[in-house]
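Visitor:
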Amino acid sequence: MAKQNNNGDDTKTVQAVERALLILETLAEAGVPITITEIAQKTSLTLGTTHRLLYTMMQRGFVEQDAENSKYRLGIKAFQIGIAATYFKDLRSVARPVMEDLQQRYNETVNLATLDGSEVVYVDQVESTNIVVVRMFARTGNRGPAHCTGSGKVLLSSLPQDKLEDMAYNMELRKFSNETITDPEMLLKELSRVKQDGYALDLGERDEGVRCVAAPIYNFKGQVVAALSISGPSIRITTPFIKNELVDAIKKAAKTISIQLGHNGN
Numbered sequence: 001m002a003k004q005n006n007n008g009d010d011t012k013t014v015q016a017v018e019r020a021l022l023i024l025e026t027l028a029e030a031g032v033p034i035t036i037t038e039i040a041q042k043t044s045l046t047l048g049t050t051h052r053l054l055y056t057m058m059q060r061g062f063v064e065q066d067a068e069n070s071k072y073r074l075g076i077k078a079f080q081i082g083i084a085a086t087y088f089k090d091l092r093s094v095a096r097p098v099m100e101d102l103q104q105r106y107n108e109t110v111n112l113a114t115l116d117g118s119e120v121v122y123v124d125q126v127e128s129t130n131i132v133v134v135r136m137f138a139r140t141g142n143r144g145p146a147h148c149t150g151s152g153k154v155l156l157s158s159l160p161q162d163k164l165e166d167m168a169y170n171m172e173l174r175k176f177s178n179e180t181i182t183d184p185e186m187l188l189k190e191l192s193r194v195k196q197d198g199y200a201l202d203l204g205e206r207d208e209g210v211r212c213v214a215a216p217i218y219n220f221k222g223q224v225v226a227a228l229s230i231s232g233p234s235i236r237i238t239t240p241f242i243k244n245e246l247v248d249a250i251k252k253a254a255k256t257i258s259i260q261l262g263h264n265g266n
């Protein structure tokens, strides 16, 4: 049974949010629609407070009320958020074995990233154990610029053309090295190539001396939901190695993950 937090840490929380979450937890634990009186009793809230919070959450789609018996249940918005959280867990769990296989095969760092606006978010990583390891900005939980990273370019290239053009001309194209693309037209041309070829390269655009090859991961709807990449120092990630080995390897690995997420593989 959900109860209010009385452990002395409530000075760091927002009471209204705490109470709303308590109601959501109570509805989830009940498993069936329940009355407002039951909700108030289980949460130790007054009927007035319970009613106001339920009304607010109903307006936002987090709670629904049965028209016949006036009982309350979780709404579609709560379901959608739960599905989203499960998706990210599934994405990582599906991708992890493939990432580990890539890392063991080449002993270079393998990354899993998603797009958030004009930035990439690194949601998982299997790091190289090579003695010569370049410390890159990419770490699990870190963010990075999309315009000059392999993963970022893969993810940007999947956007609708009108949105992509708007972003190219309005987001900051910060220069990190002499290789960084800072011109919108050049970036759009590069992203067009990425979309056509099915992979992206970062040849020292974000970090000098670091190279990266990335490919898109698709979900069952055929949407690009993440990027898989492999990175390492340019002394090991040479141009012939990229062309003859890594491009094919990263595309095959990304396709394996996509198929496991329900994509048809085409």
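1 is the number of the first residue of the sequence shown in the UniProt record's numbering; add one for each residue after it.
Ideal Cβ placement from N, Cα and C applies to all residues, glycine included.
1) Could I get the ranges of all uninterrupted beta strand (DSSP E) runs contained in the UniProt domain "HTH iclR-type" (14 to 76), with 3 residues as the minimum, in chain order?
2) When DSSP labels each residue in this structure, what does Thr239 get in the three-state scheme?
3) In chain order, what residues of the same chain lie with their CB nearer than 8 Å to the CB of Asp124, ignoring the 5 residues before and after it?
4) For Ala85, which of helix, strand or coil comes out of DSSP?
5) In this structure, how does DSSP classify Tyr106 when only helix, strand and coil are distinguished?
6) Does the segment 215 to 223 come into contact with the segment 154 to 172, if we say contact requires no fewer than three beta-carbon pairs (one atom in each stretch) closer than 8 Å?
7) Give the DSSP-derived three-state secondary structure of Pro97 in the structure shown.
8) Taking C-beta to C-beta, are Arg73 and Leu27 nearer than 8 Å?
9) From Asn219, Val63 and Tyr169, pick the residue whose C-alpha is nearest to that of Ala254; which is it?
10) At which residues does the beta strand (DSSP E) containing residue 267 begin and terminate?
11) On a Cα-Cα basis, can you pick out the residue from Val126, Gln161, Ala85 and Val121 that is closest to residue 269?
12) Measuring straight from C-alpha to C-alpha, what distance separates Glu68 and Gly48?
13) Of all the options Pro240, Ile242, Gly222 and Ala40, which has the alpha carbon lying nearest to the alpha carbon of His263?
14) According to DSSP, simplified to helix, strand and coil, what is residue 272?
15) For Leu102 versus Ile257, is the C-beta spacing smaller than 8 Å?
16) Quick check on this structure: which residue in Leu159, Leu228, Asn170 and Asn107 has the alpha carbon closest to the alpha carbon of Lys195?
17) Report the three-state DSSP secondary structure of Arg206 (helix, strand or coil).
18) Where does Asn170 sit, in a helix, a strand or coil, going by DSSP?
Guide: The structure says:
1) 63 to 65 and 72 to 74
2) Taking the first residue of the sequence shown as position 1, residue 239 is located at position 239. Residue state, collapsed to three classes: helix.
3) Within the sequence shown, the letter at position 124 stands for residue 124. Excluding positions up to five away in sequence, the list reads Arg92, Ala95, Arg96, Met99, Asn111, Leu112 and Thr140.
4) Here residue 85 corresponds to residue number 85 of the sequence shown, with the count starting at 1. DSSP places Ala85 in helix when its eight states are reduced to three.
5) In the sequence shown, counting from the first residue as 1, residue 106 sits at position 106. Looking at Tyr106 - three-state DSSP - the assignment turns out to be helix.
6) yes
7) Numbered from 1 along the sequence shown, position 97 holds the residue referred to as residue 97. Pro97: helix per DSSP, three-state reduction.
8) As a first step, residue 73 is located in the sequence shown; it is residue number 73 there, counting from the start. As a first step, residue 27 is located in the sequence shown; it is residue number 27 there, counting from the start. Contact: yes.
9) What you label residue 254 is simply residue 254 of the sequence shown in a count that begins at 1. Residue Asn219 is the option with its Cα nearest to Ala254.
10) Because the chain spans 1 through 266 in this model, residue 267 falls outside it and cannot be assessed.
11) Since the displayed the chain opens at 1 and closes at 266, residue 269 lies outside it and no answer follows.
12) Translated into positions along the sequence shown, residue 68 becomes position 68. Translated into positions along the sequence shown, residue 48 becomes position 48. In a straight line, the C-alpha of Glu68 is about 22 Å away from that of Gly48.
13) Numbered from 1 along the sequence shown, position 263 holds the residue referred to as residue 263. Selected option, being the one with the closest Cα: Gly222.
14) Because the chain spans 1 through 266 in this model, residue 272 falls outside it and cannot be assessed.
15) The residue you call residue 102 lines up with position 102 of the sequence shown. The residue you call residue 257 lines up with position 257 of the sequence shown. In this structure, Ile257 does not lie closer than 8 Å to Leu102 by Cβ.
16) The count along the sequence shown starts at 1 and reaches residue 195 at position 195. Nearest C-alpha to Lys195: Leu159.
17) Counted from its first residue, the sequence shown places residue 206 at position 206. Of the three classes helix, strand and coil, the one that applies to Arg206 here is coil, per DSSP.
18) Taking the sequence shown and counting its residues from 1, the one referred to as residue 170 is at position 170. Asn170 falls in the helix class under three-state DSSP.
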